[in-house]
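Working notes for the structure below.
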Amino acid sequence: MTQIFDAAGDCIPVTVLECGPCTVVRRKTAEKDGYDAVVIGFAPVDEKHAYRLSKPELGVFKKAGTPVFRHLQEVRVKDAKLLGELKAGDVLTVDKVFKSNQRIDVTGVTKGRGFQGVFKKWGMKGAARDSSTAHEHHRHIGAVGQRKTPGKVWKGKHLPGHYGTDQVTIQNLFVAGIEADKNLLLVTGAIPGHNDGLVFVNTAAKGQPKPKQKQEERQRAKPKV
């Protein structure tokens with residue numbers, strides 16, 4: 001993360017994301033595939049590493065006439081008009097997709113923390129350290145089997161276990177700035193994952209401004225006195 005200053009002189013903490021350039025590998029249509037979508041590729045792979053892919057996978061890139069990419073992502077849209085004249089081989093840059101002050105959702109995989117106890121994984125408090133009734137280690141989960149009835153641990157009980165590596169979506173982040181020459185996106189706040197992790201940036205599903213109602217619709221919605 002870093003920080004920038006806006007026009008008013010306020011300091012804004014931002015996360016710098018490298019967004020693209022991404023190349024369109026395939027265009028899907030409702031007539032042929034049942035829905036409208038576009039498949040984009042990111043991070044080209046050298047030819048010496050392309051042998052790891054199967055022939056059907058390599059055929060997708062050969063048909064599109066694009067390099068072999070390490071990551072592929074399908075983006076669905078409700079209206080085909082949003083895709084415009086996009087076709088296989090077109091390059092998408094950050095300034096073509098996003099704009100300043102836009103709301104976005106960022107999806108990533110959180111950092112793996114390994115096997116952790118209930119204090120770190122679930123935020124449990126535990127007994128007081130100076131209490132005479134506390135366990136000797138002070139970090140035990142205590143009895144979870146209840147009494148003779150039911151005499152078992154219910155499913156979903158918060159227990160120690162693996163912590164992290166979960167897919168998380170942070171919603172309604174703002175685009176604080178765009179550096180088109182470097183394909184960098186400045187996003188307010190923090191996002192999940194490592195510094196070199198892969199994230200998916202999409203238009204915000206919530207919080208978008210609603211279209212203005214017509215004057216007659218507003219008049220009709222008013223209660224009659």
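Under UniProt numbering, residues 1 to 225 are what the sequence shown spells out, in order. Cβ atoms here follow ideal geometry from the backbone N, Cα and C, with glycine treated the same way.
**Prompt:** Skipping 5 residues on each side, what residues in its chain have a beta carbon closer than 8 Å to that of F115?
**Reply:** Taking the first residue of the sequence shown as 1, we reach residue 115 at position 115. Answer for F115: P160, G161, H162 and Y163, listed in chain order.
**Request:** Report back the beta-carbon spacing between residue 246 and R147 to the nearest angstrom; my notes put them in contact at under 8 Å.
**Result:** A query on residue 246 cannot be resolved here, the shown segment of the chain reaching from 1 to 225 and no further.
**Request:** Mind reading off the beta-carbon distance from residue 226 to D105? Whole number of angstroms is fine, and I expect it under 8 Å.
**Result:** Only positions 1 to 225 of the chain appear in this structure, which leaves residue 226 out of reach.
**For L186, the residue or residues it bridges with in DSSP** = Against the sequence shown, residue 186 aligns to sequence position 186. Answer by DSSP bridge pairing, in chain order: V16 and G177.
**Message:** Which residue marks the beginning of the beta strand (DSSP E) containing A64, and which one marks its end?
**Reply:** Residue mapping note: residue 64 aligns to position 64 of the sequence shown, counting from 1. DSSP places A64 outside any beta strand (DSSP E); the residue lies instead in the alpha helix (DSSP H), whose first and last residues are K55 to A64.
**Request:** Work out the CA separation of N101 and P67 for me, nearest whole Å.
**Result:** Your numbering for residue 67 matches position 67 in the sequence shown. Your numbering for residue 101 matches position 101 in the sequence shown. Taking the straight line from one Cα to the other gives about 33 Å.
**Asked** Per DSSP, which one or two residues make a beta bridge with P44?
**Response** Mapped onto the sequence shown, residue 44 falls at position 44. Paired residues: F69.
**Message:** Taking 8 Å as the limit between beta carbons, can you name the residues of its chain near I178, skipping five residues before and five after?
**Reply:** Position 178 of the sequence shown, counting from 1, holds the residue named residue 178. Taken in chain order, the residues that qualify are V94, D95, F98, K99, S100, L184, L185 and L186.
**Item:** Three-way DSSP call (helix, strand, coil) for A37 in this model
**Value:** Here the question's residue 37 lines up with position 37 in the sequence shown. A37: strand per DSSP, three-state reduction.
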